[in-house]
Amino acid sequence: MTVSTASLESGPAAAGLSQRAKWAALIAICLAELLVVLDNTLVNVALPSMAVQLQADMSGLQWIVDAFTLAFSGLLLAMGHLGDRYGRRLFMIIGLSGVAVMSAAGALSSGLGQVIAARAGMGVFAAVVFPATLALLTNIFTGARERAAAIALWTAMAGIAIAIGPTVGGWLLEYYSWHSVFWINVPVALVAIIAVLVTVPESRAPHVDRLDRIGILLSLAGVTALVWSIIEAPKHGWLATESLAGYLLSAALLAAFVAWELRVPAPVLNMRLFRNRRFALPSLAITVSYFAAFGFLFLITQYFQGVKELSPLEFGIHSLPFAVAVGFGAPIATLLAQRLGTTAMVVSGLLTLAVAMYIAGRTTVETPYLGPVVVSMILMGLGFAIVQGPATESIMGAVPLAEAGAGSAVNDTTREVGGALGVAVLGSVMTSVYANHIGNRIAGIPGQIMNPQQKELASNTPISVLEIVKAPVNPMFAPAKADLIHAMKVAAMQGSETASYIAVGTLVGCAVIVALALPWRPERGRSVLLGWRESDSGTAESDH
Numbered sequence: 001m002t003v004s005t006a007s008l009e010s011g012p013a014a015a016g017l018s019q020r021a022k023w024a025a026l027i028a029i030c031l032a033e034l035l036v037v038l039d040n041t042l043v044n045v046a047l048p049s050m051a052v053q054l055q056a057d058m059s060g061l062q063w064i065v066d067a068f069t070l071a072f073s074g075l076l077l078a079m080g081h082l083g084d085r086y087g088r089r090l091f092m093i094i095g096l097s098g099v100a101v102m103s104a105a106g107a108l109s110s111g112l113g114q115v116i117a118a119r120a121g122m123g124v125f126a127a128v129v130f131p132a133t134l135a136l137l138t139n140i141f142t143g144a145r146e147r148a149a150a151i152a153l154w155t156a157m158a159g160i161a162i163a164i165g166p167t168v169g170g171w172l173l174e175y176y177s178w179h180s181v182f183w184i185n186v187p188v189a190l191v192a193i194i195a196v197l198v199t200v201p202e203s204r205a206p207h208v209d210r211l212d213r214i215g216i217l218l219s220l221a222g223v224t225a226l227v228w229s230i231i232e233a234p235k236h237g238w239l240a241t242e243s244l245a246g247y248l249l250s251a252a253l254l255a256a257f258v259a260w261e262l263r264v265p266a267p268v269l270n271m272r273l274f275r276n277r278r279f280a281l282p283s284l285a286i287t288v289s290y291f292a293a294f295g296f297l298f299l300i301t302q303y304f305q306g307v308k309e310l311s312p313l314e315f316g317i318h319s320l321p322f323a324v325a326v327g328f329g330a331p332i333a334t335l336l337a338q339r340l341g342t343t344a345m346v347v348s349g350l351l352t353l354a355v356a357m358y359i360a361g362r363t364t365v366e367t368p369y370l371g372p373v374v375v376s377m378i379l380m381g382l383g384f385a386i387v388q389g390p391a392t393e394s395i396m397g398a399v400p401l402a403e404a405g406a407g408s409a410v411n412d413t414t415r416e417v418g419g420a421l422g423v424a425v426l427g428s429v430m431t432s433v434y435a436n437h438i439g440n441r442i443a444g445i446p447g448q449i450m451n452p453q454q455k456e457l458a459s460n461t462p463i464s465v466l467e468i469v470k471a472p473v474n475p476m477f478a479p480a481k482a483d484l485i486h487a488m489k490v491a492a493m494q495g496s497e498t499a500s501y502i503a504v505g506t507l508v509g510c511a512v513i514v515a516l517a518l519p520w521r522p523e524r525g526r527s528v529l530l531g532w533r534e535s536d537s538g539t540a541e542s543d544h
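In the numbering used here, the protein residues as written are 1 to 544.
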């Protein structure tokens with residue numbers, strides 16, 4: 001079923017497509033999305049193995065993860081705009097090819113620097129792919145109801161990929177080396193490229209204006225500086241000179257970007273979109289929900305591996321309730337939003353996430369898995385799905401088709417920034433509380449139980465319990481070792497409790513803002529939502 005693209009390049013990609021062809025294209029788009037999102041979670045499970053073979057310290061391991069995030073989030077806006085300009089399917093194919101090549105480079109790497117460089121390259125090409133997925137979807141499914149259903153599947157795929165990453169990674173590490181988490185991307189990327197070529201029509205903006213090079217550079221520099229500052233803040237301290245300088249630099253660059261975009265005739269991002277509450281407030285909700293979800297996944301990783309002492313595969317299997325809840329909740333939530341309205345669903349989702357985080361914060365070392373832990377994971381998955389689908393549909397419904405790539409990039413950037421903040425803030429809080437409770441005790445432990453390197457690791461992360469448990473010790477010191485391990489687990493849960501309550505406050509605050517500021521009546525379709533944009537008037541926005 002090859003799609004002719006000659007007549008589709010200047011209009012909606014849905015022109016001339018049957019329903020069967022549309023859904024075939026959606027499957028190909030979701031496969032490309034799965035590759036990008038899954039790749040960003042697989043590597044986390046392999047970090048312990050990589051640390052041993054690459055002789056990497058904690059900073060090196062962090063950069064294996066952060067190199068991807070920094071390149072990905074920094075380039076999303078620019079790549080979304082360029083995809084609108086030169087062709088979204090073309091950019092998707094380029095991005096998928098690049099991910100395959102850089103994944104092979106990562107698999108063949110023999111040193112830490114090579115792995116970090118490969119991860120950064122994967123982030124660059126992932127940024128080429130991701131805005132195109134949602135932009136193509138929006139152009140193919142132009143009807144409000146079918147677009148909602150398509151976005152529901154897109155949202156579910158993203159959530160499921162985040163959740164099943166530990167399971168897939170754990171299975172690979174059970175039978176193969178850490179190189180396998182890179183190799184698996186190559187065949188998936190090749191299948192995705194073929195599927196996109198066969199089923200997805202080309203789509204680009206109908207009118208091409210002068211390229212906003214200054215806007216692209218300012219957006220790249222501003223977002224990169226912001227994410228860099230967030231990533232580095234836990235190392236230096238949130239109020240350290242380096243961190244404050246990073247905040248000021250990113251704020252100055254982003255302010256310059258906004259000022260430039262408001263005055264340039266053809267901006268890379270139409271800032272006037274943020275006058276529309278159905279665009280701005282769902283973007284805020286997505287940021288906060290990703291803040292909570294990624295922070296939760298970080299905390300639950302510490303819990304399963306550091307407190308429950310599970311293997312990577314066991315950890316992945318135990319995290320499956322989150323994936324099932326996301327897959328179940330996303331389609332239902334997006335379709336219910338057509339009847340109940342975006343506001344009702346987003347507020348409900350944020351409050352569900354708050355309840356999930358509260359339950360997670362009440363979890364102790366002795367709490368059984370089949371109980372509050374599973375309940376919190378299911379509620380987290382449902383709340384995440386309830387927010388993501390309707391909020392994304394609202395954002396893309398408020399964006400003109402010609403600017404779908406830029407709108408998708410804003411949607412994706414809010415996710416990445418929210419996720420980075422969640423891991424950085426909640427992870428830093430959890431680590432700080434843990435270190436305060438256990439630091440002095442570890443310092444006084446005799447060398448017969450822990451050597452200096454183990455002490456340093458144990459002071460920074462509760463996952464070090466896995467190494468300490470394996471380390472041989474004289475039987476006469478076994479009781480003291482057992483007491484230390486229990487104290488480390490208790491300290492980890494105390495840190496998790498504090499971090500969870502911060503997330504609860506953030507979620508409830510966002511829910512109140514959305515409830516008060518976002519209209520409660522259901523949307524009436526794309527043409528109505530875009531009325532304010534087409535006339536560029538301020539009066540229409542107040543109605544929507």
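Built from N, CA and C at the ideal position, the CB exists for glycine as well.
{"Asked": "For E33, tell me which candidate among R119, T155, Q19 and G143 has the shortest Cα-Cα distance.", "Found": "T155"}
{"Asked": "Could you tell me the alpha carbon to alpha carbon distance between P479 and I445, rounded to whole angstroms?", "Found": "12 Å"}
{"Asked": "What are the boundary residues of the alpha helix (DSSP H) that includes N139?", "Found": "L112 to I140"}
{"Asked": "Report the three-state DSSP secondary structure of S103 (helix, strand or coil).", "Found": "helix"}
{"Asked": "Could you check the C-alpha separation between L77 and K481 for me, to the nearest Å?", "Found": "51 Å"}
{"Asked": "Return yes when the Cβ of S289 is within less than 8 Å of the Cβ of L353, no when it is not.", "Found": "yes"}
{"Asked": "Take I164 and list the residues in its own chain whose beta-carbon comes closer than 6 Å to its own, dropping the five residues that flank it on each side.", "Found": "A323"}
{"Asked": "Within this structure, are the beta carbons of A126 and V186 separated by less than 8 Å?", "Found": "no"}
{"Asked": "Measure the alpha-carbon distance for G538 versus R275 and round it to whole angstroms.", "Found": "The predicted model places G538 with a pLDDT of 36, which falls under 50 and marks its position as unreliable; any figure quoted below should be read in that light. One C-alpha to the other measures close to 8 Å."}
{"Asked": "Going along the chain, which residues of its own chain have a beta-carbon closer than 6 Å to the beta-carbon of A515, five neighbours each way excluded?", "Found": "V347"}
{"Asked": "Could you tell me the boundaries of the alpha helix (DSSP H) in which N185 lies?", "Found": "N185 to T199"}
{"Asked": "Would you mind giving the Cβ-Cβ distance between G419 and G316, rounded to the nearest angstrom? I have them listed as a contact below 8 Å.", "Found": "Contact flag wrong, Cβ pair sits at about 19 Å."}
{"Asked": "Taking the straight line between their C-alpha atoms, what separation do you get for K22 and V196?", "Found": "12 Å"}
{"Asked": "Quick check on T241: does DSSP put it in helix, strand or coil?", "Found": "helix"}
{"Asked": "Would you report the Cα separation of W183 and G98, rounded to the nearest angstrom?", "Found": "14 Å"}
{"Asked": "Classify P166: buried if its beta carbon has 16 or more other beta carbons within 10 angstroms, exposed otherwise.", "Found": "buried"}
{"Asked": "Enumerate, from N- to C-terminal direction, the unbroken alpha helix (DSSP H) stretches of 4 or more residues contained entirely within the segment 33–95.", "Found": "58–86"}
{"Asked": "Can you confirm whether the segment 246–266 touches the segment 361–372 when touching is taken to mean that 3 or more C-beta pairs between the two stretches lie within less than 8 Å?", "Found": "no"}
{"Asked": "Near S18, what residues of its chain come up, given a Cβ to Cβ distance below 8 Å and the 5 sequence neighbours on each side ignored?", "Found": "none"}
{"Asked": "Could you give the first and the last residue of the continuous alpha helix (DSSP H) run that contains G295?", "Found": "R277 to T301"}
{"Asked": "Secondary structure at I445, three-state DSSP: helix, strand or coil?", "Found": "coil"}
{"Asked": "Could you tell me which whole alpha helix (DSSP H) segments of length 4 or greater appear in the segment 365–444?", "Found": "374–397, 404–421 and 427–443"}
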